[in-house]
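For reference, the structure is listed below as structure tokens.
Chains as they are written, first to last, in our numbering: chain W, 842 to 1034; chain V, 842 to 1034.
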């Protein structure tokens, strides 16, 4: 079956999702995925280093896009305000192919090995964002902590959106940063909160 | 070679550290570790599920101790102040067997698979701390974000301490929380910071 490089990667991602959902991650091999996508195993390994990587395609592009979004925020804002604006600018990308993302999330939630890999993806996003903040002149330790907590807000918004808790990404992100400020406030929140 | 359960686990940890440092993680098997520790491979697997888990012994105990420390902080403090106090109370445990911890850190830094496992350990600490904060009446989303950013401060202090940047854990922790507040401030930091 012919196809552009991007087509083949898309087919492999869908095949991996189908098989991991049907049989479970442990009972699927890279050869099975290649077979379902109608390519050779060798083609699979030309695209991905192992069976789990089909699910993590686009990781580099996302990291790059996030760093770019941080760079484009107007100067003169605090680190957390900068991150909020960068994340808001990413909403179209975050919403893109939502159904695929929801299926992917379900597969990852079911396999501990994939959850570990997802954490490592998050760690890469954090270092990319921290670097982008440093480039804007934020001190390194502050940049790292802003990135860790900002990515935590983004991840939570993403999970809530994927779970269908809300389809309003902007509000999920704003609420997340407000909760983060409440967590860091030096005064305790009023009772009942 | 005889020994209490704790002795055997300590020997296995040291043997794993020795072999991972000497040969590298990839070129060491669980059988090698058992051999170096003078126990059978079967004994190794009675203690740990695979070769990497010897390095992550004590994870459950640490999670438990941290949650306990959070629970013991006097009431009426903000989430981040609660975490700072809990972490300060953990300093003796954090400093315990510092040389072993430094060696362990060097081994983990050298192997991507171990770094992923370390992230998953951190994720467990985060959920334990978030739960402990919730038990104190902090709203769930605020508790999670406080835990993520608090554990990031703790991790940074730990790495700085292990790297020998300072032997004053309390100052490292206080500076970390101050940096976190700077990251989350709604006003940008003054120039030069």
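Ideal placement from N, C-alpha and C gives every residue a C-beta, glycine not left out. Remember, predicted model here, so these are calculated numbers, not experimental data.
Distance, residue j Cα to residue i Cα
| i | j | result |
| --- | --- | --- |
| residue 953/W | residue 865/W | 12 Å |
| residue 908/V | residue 993/V | 16 Å |
| residue 960/W | residue 898/W | 15 Å |
| residue 870/V | residue 846/V | 21 Å |
| residue 981/V | residue 1000/W | 15 Å |
| residue 931/W | residue 868/V | 42 Å |
| residue 991/W | residue 883/V | 45 Å |
| residue 885/V | residue 1025/W | 43 Å |
| residue 1014/V | residue 918/V | 17 Å |
| residue 1033/W | residue 896/W | Confidence at residue 1033/W is low in this model, with a pLDDT of 43, below 50, so the placement of that residue should be treated as unreliable; the coordinate-derived value is given next. Distance between the alpha carbons of residue 1033/W and residue 896/W is about 41 Å. |
| residue 914/W | residue 925/W | 10 Å |
| residue 938/W | residue 985/V | 28 Å |
| residue 936/W | residue 927/V | 39 Å |
| residue 1005/W | residue 995/V | 33 Å |
| residue 910/V | residue 844/W | 57 Å |
| residue 975/W | residue 940/W | 35 Å |
Under the three-state DSSP convention, the category residue i falls into
| i | result |
| --- | --- |
| residue 1034/W | Here the model assigns residue 1034/W a pLDDT of 40, short of 50, so the residue's position is not dependable, and the following value carries that caveat. Looking at residue 1034/W - three-state DSSP - the assignment turns out to be coil, as it is neither helix nor strand. |
| residue 918/W | coil |
| residue 866/V | coil |
| residue 1016/W | helix |
| residue 977/V | coil |
| residue 897/W | helix |
| residue 861/W | helix |
| residue 880/W | coil |
| residue 1027/V | coil |
| residue 1009/W | coil |
| residue 891/W | coil |
| residue 1004/W | coil |
| residue 965/W | helix |
| residue 957/W | helix |
| residue 844/W | coil |
| residue 937/V | coil |
| residue 952/V | coil |
Residues near residue i in its chain [Cβ-Cβ closer than 8 Å; skip 5 each side]
| i | result |
| --- | --- |
| residue 900/W | 962, 965 |
| residue 903/W | 934, 966 |
| residue 1008/W | 1002 |
| residue 862/V | 944, 947, 948 |
| residue 880/W | 842, 849, 852, 853 |
| residue 893/V | 866, 954, 955, 958 |
| residue 916/W | 977 |
| residue 950/W | 956 |
| residue 1027/V | none |
Sequence-distant residues of its chain with Cβ nearer than 7 Å to residue i (five each side left out)
| i | result |
| --- | --- |
| residue 877/W | 856, 859, 860 |
| residue 1003/W | 942, 943, 946 |
| residue 873/W | 860 |
| residue 997/V | 1017 |
| residue 989/V | 967 |
| residue 891/W | 871 |
| residue 929/W | 1011, 1014 |
| residue 875/W | 881, 882, 884, 885 |
Other residues of its chain near residue i: CB distance less than 6 Å, five sequence neighbours each side excluded
| i | result |
| --- | --- |
| residue 979/V | 920 |
Whole-number beta carbon distance between residue j and residue i, since they are thought to touch under 8 Å
| i | j | result |
| --- | --- | --- |
| residue 912/V | residue 987/V | With a Cβ gap of about 15 Å, residue 912/V and residue 987/V do not count as contacting. |
| residue 849/W | residue 888/W | 7 Å |
| residue 923/W | residue 977/W | 7 Å |
| residue 1020/V | residue 983/W | 5 Å |
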